[in-house]
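To keep things clear, I will list the structure first and then write my remarks on it.
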C-alpha cells in the first residue's frame, strides 16, 4: 500500500534525474567551441603604408595572447591594442578578445603572414597562413629630410611663394619629424598677413633606419597686406627632454618674403581684388508690377581671399530701387588653394512701367598667375513692368455735390434704433469684414502654395500680353519677343531661363519632353531676338510684325506640347 504522506517524496525522486540530465545538457550546449579569426586592414597595401592585423579570439576558459610569427616585409609599430569581454553563466565563463597589431610595409612583393597561435582553455588553436601583396607606393614617396637620421626631432617651415603680389595667396607649411607625437603647435603671429589655418594635411608615421618617426604637417593660408619685405618668425616647440620632465625648445628658421605691389593700369572700378573669379546672376522674375518686389541673386566665386573680397559695384538706375543685404560667404581649401563663393541678394522695386534692361554687374580683379587685370560681368537682363492691381490709381472727379444743410429743428422719428435694419447691419458689418478677410487670406495662401501651377496656367496669357502691348504701342518687337518667349518658358518650367547657356537650355527643354524641332525653333527665335536688338533700324525695318506673329504661333504650339 502506498503511503499518501510520502507521495511528494516519490514525485521528487522521479523528476530529479530528468532535472540533472537537463542541466548537464544545457551546460554542454553552452560551452562555446574555441575560435580564432584574422582580418587585414586595408586589403590592398602599398609600400610604406600601415597594415592592421586584427585577431579575434573566443572560447571558454582562460585565453592566452596570440603568438605572431616573424613576418618578412612588415615592420612592427609597437605593442598591440587589446580589448576583451568575459561572460559568465553559472560555473562556465566565455571570453572574447580582440588584438590589433600595427605594421608598416617595408618592401614590395608577396608577403606571407604565417600561422597565428593562441591557447584557449588548454586547447591550442591556429590560423592558416595568409598571403598579401604589397604594391608600389600610390603617391609620392616619402623623402627623408636631410639631418633627420640619428636625431630625435626635426622641424622645418617653408612657403610655396617667396615673391607674391599684394593680396596673392601664400601657403605656409610647417613639418615636424620626431620619435614622439607632436607637442602643442604654436605658429608665429604672421604680422602683416591675413591668415586662415587649415586642418592637418598629413599625420603619419614612418620606419626609418630602425626607428619609428612621427610626421605631422600643418598649413596656414596667408595673404600679404602690404608690399615690401615681410618677415615670418620661427615656430617654436617645447620638446620633453630627459626623464626629469625638462623641456627643450626647438624652432624653425625665420622666413623672408618679398611682396610685389600691384602693377599700374588697373581698370576703372578695381577695388583691390586679387585672384581668379567668375560672376553670374539669377533673377526670380523678369516681369512684374510697379511696387512689386523682384529678387536678384548674383554669385561671385573663384580662388582668392573670399572672406575679405570687396563687393561688386551696383549699377544705379532710375527704373529700379535696390535694397542690399549681407552676402553669404562660404570657403573651402582644395588642392592647396583657398576657394569659395560670395552670394549677394538684391531686392528690386520697379519705379516706372515699361520695358528696360538691368545693366550688367562688372567685377574687376588682378590675376597674379597671368599677371594681368581682368574684368568679368553678368549679362544685361530685360525686365518688363506693368501697372499692377496694387499700384496707386489717380482718380479724376470733375465736381462734388454740396453737403446737404441741416434742418432748423431736429426731431425724432419715434422709432427705436433696435427696430431699424441699419442698427443690426452696423453690428454685422465687422463680422462680415472678418469673414471677408479670412476668405481673402485663405485664397492668398492657396495662391502662394500653388504659385508654380498658377504661373503655368497664366504663362500663355502673360506672354500674349507682352506681344499685344508691343503690337499696339509699336515698341521694340525683338525685346518683346525675347521677354514673352523666355517668360513663357520660365513660367512653364518654374525655373528662370535668363542667363542659361544655350546647351543647358536645350537640355532642360528636352528633359521636359519638347521635340527636337520645337527646341530648334526656340533657339532660332532667341538668336533672332538677340541679333535684332543690336542691328541698325534700317536693317530690321518691317520685320517686327512678322517676328511678333511668329513668336505668338511658336508659343501656341509650345502650349499644345506642354499639355501632352
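Residue numbers (this note's numbering): 43 to 606.
Idealized CB from N, CA, C, for every residue including glycine.
Quick caveat, the model's predicted, so the values are computed rather than measured.
Rounded Cβ spacing between residue 392 and residue 358 (contact assumed at less than 8 Å): That pair is no contact at about 15 Å.
Are residue 321 and residue 405 close, meaning C-beta to C-beta below 7 Å? yes
Can you look up residue 321 in the DSSP assignment and give me helix, strand or coil? strand
Considering only residues of the same chain and omitting the five flanking positions on each side of residue 162, which have a CB-CB separation below 7 Å? 76, 99, 101, 103 and 105
Rounded to whole angstroms, what is the Cα-Cα separation between residue 505 and residue 211? 50 Å
Give me the Cβ distance between residue 148 and residue 117, rounded to the nearest whole Å; I'm assuming they're in contact under 8 Å. 5 Å
Nearest-angstrom Cβ-Cβ length linking residue 146 and residue 90, presumed shorter than 8 Å: 7 Å
Euclidean distance between Cα positions of residue 367 and residue 538: 22 Å
In the DSSP output, what is residue 141 paired with across the bridge? 97 and 124
Measure the beta-carbon distance from residue 247 to residue 119 and round it to whole angstroms, keeping in mind my assumption that it falls under 8 Å. 7 Å
Measure from the alpha carbon of residue 233 to the alpha carbon of each residue in 95, 108, 200 and 272, then state which is nearest. 272
Look at the alpha carbon of residue 224 and the alpha carbon of residue 258, and state the distance between them as a whole number of angstroms. 7 Å
Considering only C-alpha positions, which residue in the set 381, 373, 417 and 335 is nearest to residue 394? 335
Beta-carbon separation (whole angstroms), residue 174 vs residue 153, contact threshold 8 Å: 5 Å
Within 10 angstroms of the Cβ of residue 177, are there 16 or more other Cβ atoms? Answer buried if so, exposed if not. exposed
Can you check whether the CB of residue 128 is closer than 7 Å to the CB of residue 139? no
Beta carbon of residue 97, beta carbon of residue 206: below 7 Å? no
Looking at the strands, I want to know which residues DSSP matches up with residue 228. 278
Could you check which residue in 514, 569 and 566 has the C-alpha nearest to that of residue 587? 514
In angstroms with no decimal places, state the Cα-to-Cα distance between residue 306 and residue 193. 50 Å
Note down the Cα distance separating residue 196 from residue 80, rounded to an integer number of angstroms. 37 Å
By the DSSP assignment, the beta strand (DSSP E) with residue 166 in it spans what residues? 165-168
On a Cα-Cα basis, can you pick out the residue from 389, 109, 417 and 396 that is closest to residue 402? 417
Residue 607 - partner residues in DSSP beta bridges: Nothing about residue 607 can be reported from this structure: the residues present for the chain run from 43 to 606 only.
Less than 7 Å between the beta carbons of residue 370 and residue 339, yes or no? no
Using the Cα positions of residue 341 and residue 262, report the straight-line distance between them to the nearest angstrom. 26 Å
Mapping DSSP to helix, strand and coil, what is residue 356? coil
Pick out the complete beta strand (DSSP E) segments inside the region 186-216, 3 residues or longer, and give them in chain order. 195-201
Does the Cβ-Cβ distance between residue 350 and residue 208 come in under 7 Å? no
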